[in-house]
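Below is one structure, written out as structure tokens, with a few remarks after it.
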Amino acid sequence: LYTVVQHVKHFNDVVEFGENQEFTDDFEYLETGLKSSQPLNTRCLSIISLATRCAMPSFRMHLRARGKVAQVFKILSDAPQHPNLALCTAALMYILSRDRLNMDLDRACLELMIKLLELDQDYSGHQDQLTAKEVEKVKEKIRKLCETVHNKHLDLENITTGHLAMEALLSLTSKRAGDWFKEELQLLGGLDHIVDKVKECVENLSQEDDKEKLVESLWGAERCLRVLESVTVQNPENQGYLIAYKDSQLIVSSARALRYCEDMIQRYSRALNNSSLSSSGVTLPHCSFSNVGKAVEDCMRAVIGVLLNLTHDNEWGSTKTGEQEQLIITALNCVLRVPRYIPQEQRFDVRVLGLGLLINLVEYSSRNRHCLVDMEFSVDDTCLEDSLKQPADPTQVETAAQSAETEGDEADTPKPAGALAALVKLFLERERAAILAEAKTDDLISEAPKPALDQSGEWQETSGEIQWVASETNDNQTEKKEEEDEELDLNKALQHAGKHMEDSIVASYTALLLGCLCQGSQINVTTVRQHLPKGDFSIMTEMLKKFLSFMNLTCAMGTTGQKSISRVIDYLEHC
């Protein structure tokens with residue numbers, strides 16, 4: 001005898017149903033303990049229990065899939081009124097912010113997070129305080145919880161509401177939150193806290209004795225600047241707000257940070273570590289601190305990124321930024337001197353960022369143009385690409401040889417010259433390197449592969465007939481070697497193509513900068529002509545036309561960048 005049971009669920013369906021039911025039961029139980037009707041210690045322990053469950057990615061997935069995150073923080077909206085509840089709430093936010101692929105905060109959640117940032121750390125005399133033993137117990141639980149999802153930026157010895165809330169805020173980016181995040185972050189005062197944090201980190205950069213603290217300050221500034229960079233991209237409202245905030249405090253702090261980074265990059269250089277350049281008279285007392293060097297490089301790129309956004313198509317931002325002490329010469333050094341102190345793969349980024357910042361500074365500000373042109377700059381091999389001094393491959397050796405031959409006519413130029421001469425020299429060097437890389441790529445592509453001899457066997461005469469007899473060697477080895485050779489040729493072609501693109505972009509940006517400096521100044525036009533081959537601007541206009549064609553293929557038509565390039569091309573063709 002047997003019984004037939006209808007509509008039996010599949011095993012996977014049963015498991016999924018059990019998981020969902022378990023989540024529902026757990027969440028309903030913990031949610032009951034979060035409500036304001038519960039005692040304070042019960043609410044704190046319920047938050048910590050929920051945060052402990054949220055340390056598991058599967059539980060966070062369930063929480064977000066059902067839209068429970070906003071519901072939780074709505075219940076905890078009174079957290080800023082109770083210091084220990086606020087600490088636990090900030091810890092929960094920190095745990096949930098570990099998922100970088102999800103961003104489900106609404107305005108109320110963001111407002112709560114910023115209120116937690118504003119809390120005063122002095123809780124003495126607060127009526128809702130737990131006993132000292134209970135407070136310490138809560139803090140220890142939070143510390144152990146944070147250890148399970150620890151990142152390098154969190155100071156476990158400084159577990160405070162403000163610190164946890166700031167870490168959660170810095171994990172958010174506008175790319176995940178949408179345009180509303182950029183607006184609400186400003187309206188709710190979040191940008192104020194981040195700018196103040198940048199100022200605090202930059203002030204600590206002058207203390208180099210404690211290397212760990214120095215790296216911590218560099219990382220802190222870099223992370224804050226990354227958020228500010230993301231919320232100012234194509235957002236004039238936030239740009240204007242940050243320029244005006246506390247009399248341009250962000251610009252002042254960024255300029256100071258850039259000066260510190262430019263100064264430290266030479267002492268903590270990763271590129272010159274164990275390099276022959278370090279024995280050529282350059283003093284490198286801290287060459288071994290590669291972690292400091294990397295932190296300096298990251299911070300420098302973040303600083304320039306923020307300044308780029310604040311000065312893009314913005315005369316007010318350009319003027320305020322150009323007024324900062326030594327900022328223009330520092331930006332010029334980022335183009336001409338700094339790249340030789342950083343690893344090869346980072347040089348293109350820093351140089352293009354520096355050129356972009358200089359273009360923004362001089363495009364709308366005559367004061368900045370005069371300031372840059374009037375600077376004296378030593379035009380020698382050390383201020384440009386160090387490949388001329390230390391070629392890494394035969395290609396670079398050939399480039400150096402060509403540079404030495406073609407620049408013979410410029411040898412009579414006095415070494416202490418203006419910034420214009422140095423920029424023209426950079427343009428000519430990168431333009432020649434781009435032509436050489438393009439020729440190398442064309443040669444690799446045009447070389448037809450030689451047909452390999454068939455070695456899978458041989459002709460043999462047997463019984464008066466000639467027959468093909470397969471050899472005993474493994475045919476797969478031959479095929480594999482052919483594939484490896486083809487892949488090697490392709491990688492070489494791609495490498496040269498990438499080098500050509502980088503050199504072309506640097507040359508184009510330099511030509512655009514020179515064009516901006518020439519506009520409205522016949523003296524600058526004459527100076528640039530003196531350093532160009534045959535005094536002809538056609539070499540610059542041709543490079544800019546190629547760059548404009550490239551932008552038209554990859555960017556939306558009619559952007560301000562394309563209009564600027566077209567305007568410079570037209571000016572150089574008729575000047």
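When we follow the numbering used here, the leftmost residue of the sequence shown carries the number 1, and every step to the right adds one. By construction, the Cβ of each residue, glycine as well, lies at the ideal position given by its N, Cα and C atoms. As the structure is a prediction and not an experimental result, all values here were calculated from the model.
- Residue environment: Pro83 is assigned as buried (16 or more neighbouring CB atoms within 10 Å of its CB, all protein chains considered).
- Under DSSP, no beta-bridge partner is assigned to Gly240.
- Sorting Ile359, Ala91, Leu258 and Glu183 by C-alpha distance to the C-alpha of Met166 places Ala91 at the top.
- DSSP, reduced to helix, strand and coil, places Gly162 within a helical segment of the structure shown.
- Classified as exposed, Asp25 has fewer than 16 neighbouring CB atoms from the shown chains inside 10 Å of its CB.
- Exposed is the label assigned to Ser566, since fewer than 16 other Cβ atoms lie within 10 Å of its Cβ.
- For Arg98, the three-state secondary structure derived from DSSP is coil.
- By the criterion of at least three beta-carbon pairs nearer than 8 angstroms, the region 225 to 234 is in contact with the region 303 to 310.
- Between Val138 and Cys88, the beta carbon gap of about 7 angstroms places them in contact (Cβ cut-off 8 angstroms).
- It is roughly 11 angstroms from the alpha-carbon of Val350 to the alpha-carbon of Leu332.
- A residue is called buried once 16 or more other Cβ atoms fall within 10 Å of its Cβ, and Phe27 is buried on that count.
- The beta carbons of Val195 and Tyr245 sit closer together than 8 angstroms.
- The beta-carbon distance between Leu548 and Gln530, rounded to whole angstroms, is 26 angstroms. This is too long to meet the 8 angstroms contact definition.
- Counting the other CB atoms within 10 Å of its CB gives Ser318 a total of 16 or more, which places it among the buried residues.
- Secondary structure note for Lys133: its alpha helix (DSSP H) is the uninterrupted segment Ala132 to Thr148.
- Distance from the CA of Tyr571 to the CA of Leu514, rounded to the nearest whole angstrom, comes to 12 angstroms.
- Distance from the CA atom of Pro339 to the CA atom of Asp13, rounded to whole angstroms, is 58 angstroms.
- For Leu156, the number of other beta carbons within 10 angstroms of its own is below 16, and it is reported as exposed.
- Exclusion of the five residues before and after Ala295 leaves Val215, Leu218 and Trp219 as the residues of its chain whose Cβ lies within less than 7 angstroms of its Cβ.
- The Cβ neighbour count for Ser97, taken over all protein chains shown within 10 Å, is at least 16; the residue is labelled buried.
- A Cβ-Cβ contact shorter than 8 angstroms links Gln186 with Tyr241.
- Ile114 places its beta carbon 8 angstroms or farther from that of Leu228.
- If the five residues before and after Leu420 are omitted, its C-beta is found closer than 8 angstroms to the C-beta atoms of Val373, Leu514, Leu517, Asn524, Thr527, Val528 and His531, all from its own chain and listed in chain order.
- The beta carbon of Glu262 is closer than 7 angstroms to those of Thr330, Asn333, Cys334 and Val338 in its chain, skipping five residues each way along the sequence.
- When C-alpha distances from Gly418 are compared across Asp536, Lys534, Glu438 and Arg369, the shortest belongs to Arg369.
- According to the DSSP assignment, Asp192 belongs to the alpha helix (DSSP H) that extends over Gly190 to Glu203.
- Linking Thr541 to Glu573 through their CA atoms gives a straight-line distance of about 7 angstroms.
- 8 angstroms or more divides the Cβ of Ala434 from the Cβ of Pro343.
- Rounded to the nearest whole angstrom, the CA to CA distance from Lys546 to Leu172 is 38 angstroms.
- Comparing alpha carbon positions, the residue from Thr510, Ser508, Arg432 and Leu428 closest to Gly535 is Leu428.
- By the Cβ-count criterion, Leu358 is buried, with 16 or more other Cβ atoms from all chains shown falling within 10 Å of its own Cβ.
- Across the structure, Val252 and Lys320 are spaced so that their CA atoms are roughly 9 angstroms apart.
- In terms of CA proximity to Ser290, Ile265 leads the group Ile265, Arg60 and Leu30.
- Where Glu118 is concerned, there is no enclosing alpha helix (DSSP H), because DSSP gives it neither an H nor an E.
- One Cα belongs to Gly305, the other to Leu353, and the distance between them is close to 7 angstroms.
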